[in-house]
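Chemist: In UniProt numbering, the protein residues as written are 1 to 831.
All C-beta atoms, glycine included, are put in the ideal place defined by N, C-alpha and C.
Right, here's the structure in full:
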């Protein structure tokens with residue numbers, strides 16, 4: 001018999017057979033309970049990396065396990081195909097984003113199939129396919145009708161030489177990704193989704209997602225950022241308009257001696273227009289606007305700013321105060337404008353010290369008297385109000401409500417709730433994306449494309465080069481159209497949608513990827529949704545997951561779906577680490593999955609990635625450990641072929657016999673306790689590493705098991721127990737290593753797939769240990785071990801521990817303080 005584990009032939013054989021059988025194709029089947037397992041779909045970069053292998057292996061184990069438990073499992077795969085990297089690569093390789101993307105999809109699909117993942121490839125979708133983006137445009141128009149889409153001016157990064165806006169990831173240092181240095185910021189009309197309309201519900205439902213990691217929910221809550229405070233109007237000194245600020249500390253309003261705007265604030269540029277400060281402000285705004293916001297707000301980052309040349313009026317003191325623009329203020333907080341109270345806010349204090357701006361104490365501590373001449377830092381504790389007009393002498397916490405009420409009476413402020421969350425700017429001045437279905441008419445304004453004219457097709461027969469600007473704007477046949485309302489000459493919108501829009505509803509489309517009478521087929525979506533288990537990286541904890549939740553609620557309110565949240569349970573897997581760093585080309589520590597599969601096969605690659613660490617933890621790559629997984633599969637292979645002549649054609653389980661031999665009983669106990677442990681580890685806990693470890697111990701036990709000689713009266717029960725152990729091992733390992741287990745299952749004489757087998761049930765009596773080993777400690781130190789019945793009570797365990805001869809020597813003549821029994825594990829005697 002063939003005893004060489006030839007993984008190349010085996011894996012190719014079973015992948016072909018699965019495809020021929022349509023092994024993983026699923027349909028709506030109301031006779032079965034459904035389960036929807038989904039990993040976040042990839043960007044088709046052309047290569048898969050170990051992060052992909054880990055993410056998809058986790059999902060595959062869950063999907064295969066649940067199929068064997070009898071569920072109707074939806075496990076699809078597709079491609080987040082639009083986006084900036086395709087344009088970059090097209091220019092670099094003198095290709096076209098469409099050709100480059102589709103070629104990469106072919107490449108990555110072949111590798112995922114080579115890894116043996118159980119995807120229903122009949123449901124494959126790519127967001128760049130017309131059938132997908134047609135219905136995304138349809139959803140855009142429905143949201144537009146509902147008032148959830150609007151256009152307003154906003155600040156974008158801009159490269160004059162490229163003649164286009166830039167995403168943050170397109171800026172490297174002070175240059176654009178093409179190497180140009182003419183980077184600045186520009187105000188552009190941008191399309192937005194009103195995510196803020198759903199801010200309260202998005203926040204509220206964070207507490208209705210028990211299957212999500214607390215870390216992710218906290219990140220989402222912080223991103224939404226609900227806070228209670230006061231909005232206050234600061235009129236400009238020239239009386240032209242007001243600047244609105246949001247503060248949680250109206251008690252310090254009398255101490256506001258200057259104002260600060262975020263560089264992105266709409267008035268940051270306009271205030272300085274025509275003043276001697278104009279150039280300084282524009283230079284500062286352009287420079288700071290390109291910096292990472294996390295860096296700008298870091299406490300260690302130096303506070304810097306520039307005077308706008310204009311003044312506002314403090315509405316309570318009626319004093320003129322200067323208006324500055326500074327790096328530490330963000331548009332994401334409040335209104336993007338703050339009142340600066342340097343005596344009672346440390347950032348404001350440092351800024352005032354640097355630029356010699358005035359200070360005024362308005363809260364005095366109870367035990368000392370502050371003076372602006374001697375302060376070395378801001379006083380941020382509670383106290384009594386001073387220099388605060390009618391509110392002098394009041395405790396500052398009590399004054400918060402009183403001052404807010406006074407502002408409301410005067411019509412210059414009010415109590416308000418603020419959200420950090422901002423509306424979602426979806427406009428991208430790029431080619432490779434979903435066209436926004438709007439037509440601009442000089443007479444009619446912005447006019448939606450009629451539904452019957454969808455999709456607005458992204459033209460692909462164009463020359464794509466590094467020439468600046470969005471190529472769409474240079475295609476007369478695309479741009480020049482007739483207004484759907486008045487029939488006059490008009491212009492098509494050339495902005496495309498942010499690719500986060502594509503990924504905000506793809507998981508629903510998997511339920512009906514070929515449906516063309518609407519975005520979603522109601523029956524299919526009602527059956528498959530919601531996603532029972534979603535798996536992906538923690539880096540998507542905020543934007544992708546938040547936007548997906550927003551889209552679900554919008555579709556619900558449009559009457560398209562009838563659920564509130566898209567994902568029941570979320571697993572965020574850890575990174576793959578090598579040499580102490582995340583795998584990255586820039587670090588030169590990437591392990592190529594192709595090379596691993598060439599050396600060890602897909603099954604061994606999967607096994608290592610699942611065995612090396614729990615899914616939620618980072619995984620330290622080890623070449624030696626990866627090879628160890630391959631050695632284990634070879635060991636399993638040899639075991640089956642070694643015992644095949646003995647167990648072939650034999651039944652499993654036990655025969656009627658008064659007393660089973662001890663060795664047989666122990667093997668059956670090991671088999672059924674392994675079934676129990678692996679089932680518990682896979683069923684919701686995802687302890688893949690301990691499940692695999694337990695199976696390895698069973699394999700070790702089978703190697704140590706010796707069959708009685710031919711003719712022995714114990715031979716038959718021993719053979720049955722061994723076959724039961726072998727078959728159980730194969731079934732338990734199948735979700736982890738599908739190819740080798742299919743092959744060995746067939747070798748044992750089975751004619752159907754191992755994945756058609758029902759998941760194993762364990763025999764509680766057989767799994768029960770008759771005796772257990774108990775560690776005995778004296779004052780915390782191990783002094784002995786006792787073997788005792790697994791059913792023994794705590795009192796019996798205690799008495800036997802005290803009666804142990806070795807223990808007696810340690811406790812003799814010493815007062816016994818207490819005896820602690822940890823059930824089935826240890827006894828600690830304190831003397």
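So what does DSSP say about residue 588, is it helix, strand or coil?
Modeler: It is coil, neither helix nor strand.
Chemist: Count the other CB atoms within 10 Å of the CB of residue 18; is the residue buried (16 or more) or exposed (fewer)?
Modeler: Its Cβ being crowded by 16 or more others within 10 Å, residue 18 is buried.
Chemist: Using a Cβ-Cβ cutoff of less than 8 Å, which residues in the same chain neighbour residue 413 once the five nearest sequence positions on both sides are dropped?
Modeler: Once the five neighbours on either side are set aside, the close Cβ partners of residue 413 are 230, 231, 232, 233, 250, 315, 404 and 407.
Chemist: Alpha carbon to alpha carbon, what distance is there between residue 201 and residue 818?
Modeler: Approximately 54 Å between the Cα atoms of the pair.
Chemist: Look up residue 235 in the DSSP assignment and give the residues it is bridged to.
Modeler: According to DSSP, which records beta bridges pairwise, residue 235 is partnered with 242.
Chemist: From what residue to what residue does the beta strand (DSSP E) around residue 533 run?
Modeler: Note, residue 533: beta strand (DSSP E), 533 to 537.
Chemist: Contact defined as beta carbons within less than 8 Å: I believe residue 426 pairs with residue 192. What is the distance between those atoms, to the nearest angstrom?
Modeler: The pair is a contact, with the Cβ atoms about 7 Å apart (cut-off 8 Å).
Chemist: Looking at the structure shown, is residue 222 part of a helix, part of a strand, or coil, going by DSSP?
Modeler: If DSSP states are grouped into helix, strand and coil, residue 222 belongs with the helices.
Chemist: Which residue's Cα is closest to the Cα of residue 536: 528, 520 and 572?
Modeler: When each option's Cα is compared against that of residue 536, the closest is 572.
Chemist: Check whether the segment 709 to 725 and the segment 760 to 772 touch, using three or more Cβ-Cβ pairs below 8 Å as the test.
Modeler: Touching, no.
Chemist: Using a 10 Å radius around the Cβ and a threshold of 16 neighbouring Cβ atoms, would you call residue 518 buried or exposed?
Modeler: So residue 518 ends up on the exposed side.
Chemist: Can you confirm whether residue 331, when its beta carbon is compared against all beta carbons of chain D, has any partner nearer than 8 Å?
Modeler: No chain D appears in the structure shown, which is made up of a single protein chain.
Chemist: Sorted by chain position, which residues of the same chain lie with C-beta nearer than 6 Å to residue 6's C-beta, five sequence neighbours on each side aside?
Modeler: For residue 6, where only same-chain residues beyond five positions count, there are no Cβ hits under 6 Å.
Chemist: Pairing CB atoms from the segment 301 to 309 with CB atoms from the segment 213 to 221, are three or more of them under 8 Å?
Modeler: Contact fails: fewer than three Cβ-Cβ distances are below 8 Å.
Chemist: In chain order, what residues of the same chain have a beta carbon less than 6 Å from the beta carbon of residue 759, not counting five sequence neighbours either side?
Modeler: Same-chain partners within the cutoff: 68 and 69.
Chemist: Enumerated in chain order, which unbroken segments of the beta strand (DSSP E) with a length of 3 residues or greater are wholly contained in the segment 420 to 471?
Modeler: Taking only runs of at least 3 residues, the beta strand (DSSP E) segments lying wholly in the segment 420 to 471 are 438 to 441 and 445 to 448.
Chemist: Taking only three categories from DSSP, how would you classify residue 777?
Modeler: Three-state result, residue 777: strand.
Chemist: What does a CB cutoff of less than 7 Å around residue 567 pick up in its chain, not counting 5 residues either side in sequence?
Modeler: Cβ within range, chain order: 530, 531 and 534.
Chemist: For residue 905, which option in 51, 678, 21 and 44 has the closest C-alpha, if you only look at C-alpha atoms?
Modeler: Nothing about residue 905 can be reported from this structure: the residues present for the chain run from 1 to 831 only.
Chemist: Kindly list the residues whose CB is nearer than 8 Å to the CB of residue 377, restricted to its own chain and excluding five residues on each side of it in sequence; keep chain order.
Modeler: Once the five neighbours on either side are set aside, the close Cβ partners of residue 377 are 346 and 349.
Chemist: Thinking just about the alpha-carbon of each residue, which of 61, 225, 79 and 793 is nearest to the one in residue 44?
Modeler: The residue with the shortest Cα to Cα distance from residue 44 is 79.
Chemist: Output the distance between the C-alpha atoms of residue 432 and residue 544, rounded to the nearest integer angstrom.
Modeler: Straight-line Cα distance between these residues: approximately 19 Å.
Chemist: Taking only the alpha-carbon atoms, compute the straight-line gap between residue 1 and residue 640 and give it to the nearest angstrom.
Modeler: Confidence at residue 1 is low in this model, with a pLDDT of 45, below 50, so its placement is unreliable and the value that follows should be read with caution. Distance between the alpha carbons of residue 1 and residue 640 is about 11 Å.
Chemist: Start and end of the beta strand (DSSP E) containing residue 371?
Modeler: Element bounds for residue 371: n/a, residue is neither H nor E.
Chemist: May I ask which residues mark the beginning and end of the alpha helix (DSSP H) holding residue 51?
Modeler: Run containing residue 51: 50 to 68, per the alpha helix (DSSP H) assignment.
Chemist: Measuring CB atoms only, is the segment 600 to 614 touching the segment 53 to 67, in the sense that at least three cross pairs come out at less than 8 Å?
Modeler: The segment 600 to 614 vs the segment 53 to 67: in contact.
Chemist: Quick check on this structure: which residue in 776, 93 and 296 has the alpha carbon closest to the alpha carbon of residue 464?
Modeler: Considering only alpha carbons, the answer is 93.
Chemist: As a quick exercise: from 794, 797, 798 and 827, pick the residue whose alpha carbon is nearest that of residue 782.
Modeler: The candidate whose alpha carbon is nearest that of residue 782 is 827.
Chemist: Pull up the CB-CB distance for residue 325 and residue 281, whole angstroms please, since I reckon it's below 8 Å.
Modeler: Rounded, the Cβ-Cβ distance is 6 Å, consistent with contact.
Chemist: For the segment 692 to 708 against the segment 798 to 811, are there 3 or more C-beta pairs whose distance is under 8 Å?
Modeler: At 8 Å Cβ cutoff, the stretches do not touch.
Chemist: Using DSSP bridges, identify the partner residues of residue 73.
Modeler: The partner list for residue 73 (beta bridge, DSSP) reads 35.
Chemist: Terminal residues of the continuous beta strand (DSSP E) containing residue 705?
Modeler: That residue, residue 705, is in no beta strand (DSSP E); it is neither H nor E in DSSP.
Chemist: Quick one: give me the first and last residue of the alpha helix (DSSP H) that residue 767 is part of.
Modeler: From DSSP, the alpha helix (DSSP H) with residue 767 extends over 764 to 767.
Chemist: Let's see if you can read the secondary structure: which residues bound the beta strand (DSSP E) around residue 309?
Modeler: Counting along the chain, the beta strand (DSSP E) containing residue 309 begins and ends at 305 to 313.
Chemist: How would you call residue 239, buried or exposed, if buried means at least 16 neighbouring beta carbons within 10 angstroms?
Modeler: Result: exposed.
Chemist: Just checking, does the segment 90 to 110 make contact with the segment 496 to 515 on the three C-beta pairs under 8 Å criterion?
Modeler: Counting Cβ pairs under 8 Å, fewer than three are found: no touch.
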